[in-house]
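Student: Take a look at the following structure, please.
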Amino acid sequence: MDGFGGESEITRQSDNHHPTVWGDHFLAYANLSGANEWKEKEHKDLKEEVRKMLVISPSKSLQKLGLINTIQLLGVAYHFEHEIGESLSKIYNGYEEWIGEFGESHDLHVVALSFRLLRQQGYYVNKKMHKRELCDITRWWKELDLANELPFARDRVIELYFWSLGVYFEPQYNVARKILTKMLCFVSITADIYDTYGTLHELTLLTNAIERWNIDAAEKLAPYMKLVYTALLDFYNEVEKELAKENKSFRVNFAISEMKKLVRAYFQEAKWYHGNTGPRMEEYMMNGIQTSTVPYVSTACWLGMGDEATKEAFEWITTEPPILVASSIISRLLNDIVSHEREIERGDVASGIDCYMNDYDATKEEAYMEIRKIIENNWKDLNQRCLKSTTVSRVLLMPLLNLARVSEFFYKDEDAYTFSKNNLKDVISMVLVDPIKV
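For the sequence shown, counting from 1, position 88 maps to 1041 in my numbering; every step adds exactly one.
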């Protein structure tokens, strides 16, 4: 059956993805107890004491530098970001005059310490908190049951949480991390539907349904697509309700808009595949900015962030500024390099490697070399723009930079996301299951 009442047999692709390597492991963290109330009060009192020390110490002094240095070395700087930021700002303004006041005997120590503190941000990673988050996300994923309903799709919820952790690990992004991980789950499933499983007719209907973004559109979808589409809309509605409590529900519309752009790009790749027509390199890269998922994920990662994620910031990111484009190109081409051989076996016609070879009559080795140069140049562009940008705050820029870093990690030598049992499982275990004791 073809899911639409017909009798013809449908031939579908399959990548034979291995099942999840994690099972129900993280459900065991459901009963992790938090700190005792007296301990929490003790921590609160200590924080206030340290905060007072920061405030009363002379604004431009070695004492202030030493105190900030100690706080950062202890890994608790995230409690005092505002105070540390103000202190370092005062030191930076008039730095040359201030540094000369110490005389020759203190030059080396003061210069080295002040330079490092002005360049460095330090945060403490709470492993127990991350395990609780993973427990909540694993429970949500099990209850959704899409992994069982859609056996053709990659079951990688733990790996996607690890991806989100690379974007921002700090405690204050607890809600943002959960939202981002869940959205990445839907993106991963959607990518597998468009890449390997859906027929062109089914994909046409799904693309139209996502463009409409209305539950009534689900009626025309194949049963397996209806499951995904319904769950997707339900999840977005839940996020919108949560954000509405803080008058931030406007953010969801930006994420929906970016989801539609992403699906259009996936559909374009599907049309290239089913039509057996490869695009030119320029056309591929224009589409690849979206299929890198960076524009969508950049918007999604801001949803649960603080007040700095303003409507103006969302409007800026949806214009695809150069920072976003550079991060997208890095992510797209890194993925293309490590997945190239597998895509050839699958019969794909749209890959950055193949497009470059066809456009420039290059060998595979030459294409790899040139693609890596493009990646390197975009890294330079991304870093320079992040350092110089004044359009949005550094707090919002860091996730964009980290998205490219995460892509570098996942796609450095292999497609570690798709084949997570090779090396990525061990890395996740070292970070989240059996971390080094400190």
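Each residue gets a CB set at the ideal place from its N, CA and C atoms; glycine is no exception.
In this text, all values refer to a predicted model and were calculated from it rather than measured experimentally.
Go through the segment 1259 to 1341 residue by residue and report every complete run of the beta strand (DSSP E) that reaches 3 residues or more, in order.
Tutor: As far as the segment 1259 to 1341 is concerned, it has no whole beta strand (DSSP E) run of at least 3 residues.
Student: Could you tell me the distance, in whole angstroms, from the CA atom of Val1003 to the CA atom of Thr1023?
Tutor: The alpha-carbon atoms of Val1003 and Thr1023 are separated by roughly 11 Å.
Student: Starting from Asn1375, trace the alpha helix (DSSP H) both ways and give me its first and last residue.
Tutor: Careful: Asn1375 lies outside any alpha helix (DSSP H) and carries neither H nor E.
Student: Going by C-alpha to C-alpha distance, which of Trp1116, Glu1236, Gly1038 and Leu1026 sits closest to Asn1311?
Tutor: Comparing Cα positions, the closest option is Glu1236.
Student: Within 10 angstroms of the Cβ of His1293, are there 16 or more other Cβ atoms? Answer buried if so, exposed if not.
Tutor: Buried, by the Cβ-count rule.
Student: Between the alpha carbons of Ala1144 and Glu1268, how many angstroms are there, rounded?
Tutor: Whole-angstrom Cα-Cα distance: 25 Å.
Student: Alpha carbon to alpha carbon, what distance is there between Lys1214 and Met1239?
Tutor: In a straight line, the C-alpha of Met1239 is about 12 Å away from that of Lys1214.
Student: Per DSSP, what kind of secondary structure is Asp1145 in: helix, strand or coil?
Tutor: DSSP places Asp1145 in helix when its eight states are reduced to three.
Student: Hey, would you say Ser1342 sits closer than 8 Å to Glu1261, going by beta carbons?
Tutor: No, these two residues do not count as a Cβ contact at 8 Å.
Student: Suppose you measure from the CA of Ile1142 to the CA of Leu1354; what does that come to, to the nearest Å?
Tutor: Roughly 25 Å separates the two Cα atoms.
Student: Here's the rule: buried if 16 or more other CB atoms are within 10 angstroms of the residue's CB, otherwise exposed. What is Asp1366?
Tutor: Exposed.
Student: For the alpha helix (DSSP H) containing Ser1010, name the first residue and the last one.
Tutor: No alpha helix (DSSP H) holds Ser1010; DSSP gives it neither H nor E.
Student: With burial defined as no fewer than 16 other Cβ atoms inside 10 Å of the residue's Cβ, what is the status of Gly1028: buried or exposed?
Tutor: Exposed is the call here.
Student: Could you tell me the alpha carbon to alpha carbon distance between Ile1381 and Ala1171, rounded to whole angstroms?
Tutor: Computed Cα separation, rounded: 37 Å.
Student: Does DSSP put Gln1074 in a helix, in a strand, or in coil?
Tutor: Legend: pLDDT at Gln1074 = 34, less than 50; position of this residue unreliable, no value from coordinates given.
Student: What does the Cβ neighbour count give for Phe1033, buried or exposed, with the cut at 16 atoms within 10 Å?
Tutor: Buried, by the Cβ-count rule.
Student: Could you check if Leu1071 is buried or exposed, using at least 16 other CB atoms within 10 Å of its CB as the buried criterion?
Tutor: Summary for Leu1071: the model assigns pLDDT 48, below 50, so the residue's position carries little reliability; its value from the coordinates is reported in the next sentence. Leu1071 comes out exposed.
Student: Indicate the three-state DSSP secondary structure (helix, strand or coil) for Pro972 in the structure shown.
Tutor: Reduced to three states, the DSSP call for Pro972 is coil.
Student: Assign Ser1404 to one of three DSSP states: helix, strand, or coil.
Tutor: The shown model of the chain, from 954 to 1391, leaves out residue 1404, and the question about it has no answer.
Student: Could you check how far apart the C-beta atoms of Trp1225 and Ala1320 are, in whole angstroms? I think they sit under 8 Å.
Tutor: With a Cβ gap of about 18 Å, Trp1225 and Ala1320 do not count as contacting.
Student: How about Ala1357 and Ser1284: are their beta carbons less than 8 Å apart?
Tutor: Yes, these two residues count as a Cβ contact at 8 Å.
Student: Among the candidates Gly1300, Leu1097, Thr1272 and Leu999, whose CA atom is the shortest distance from the CA of Gln966?
Tutor: When only C-alpha atoms are compared, the closest one is Gly1300.
Student: Can you list, in chain order, the residues of its chain whose CB lies under 6 Å from that of Gly1111, leaving out five sequence neighbours each side?
Tutor: First, the amino acid is wrong: residue 1111 is Ile here, not Gly. Here the set comprises Trp975.
Student: Under DSSP, the alpha helix (DSSP H) around Cys1187 begins and ends at which residues?
Tutor: The residue asked about is misnamed: residue 1187 is Asp in this sequence, not Cys. Start and end: Pro1176 to Ala1197.
Student: Pick out whichever of Phe1203, Leu1113 and Trp1255 has its Cα sitting closest to the Cα of Phe1362.
Tutor: Checking every option, the nearest Cα to that of Phe1362 belongs to Leu1113.
Student: For Leu1103, name the three-state secondary structure that DSSP assigns.
Tutor: Here Leu1103 sits in coil by DSSP.
Student: Return helix, strand or coil for Ser1202, following the three-state DSSP convention.
Tutor: The answer is coil: DSSP assigns Ser1202 none of H, G, I, E or B.
Student: Is it buried or exposed, Glu1201, if we count other Cβ atoms within 10 angstroms and call 16 or more buried?
Tutor: One detail in the question is off: residue 1201 reads as Lys in this sequence, not Glu. The residue is buried, with at least 16 neighbouring Cβ atoms inside 10 Å.
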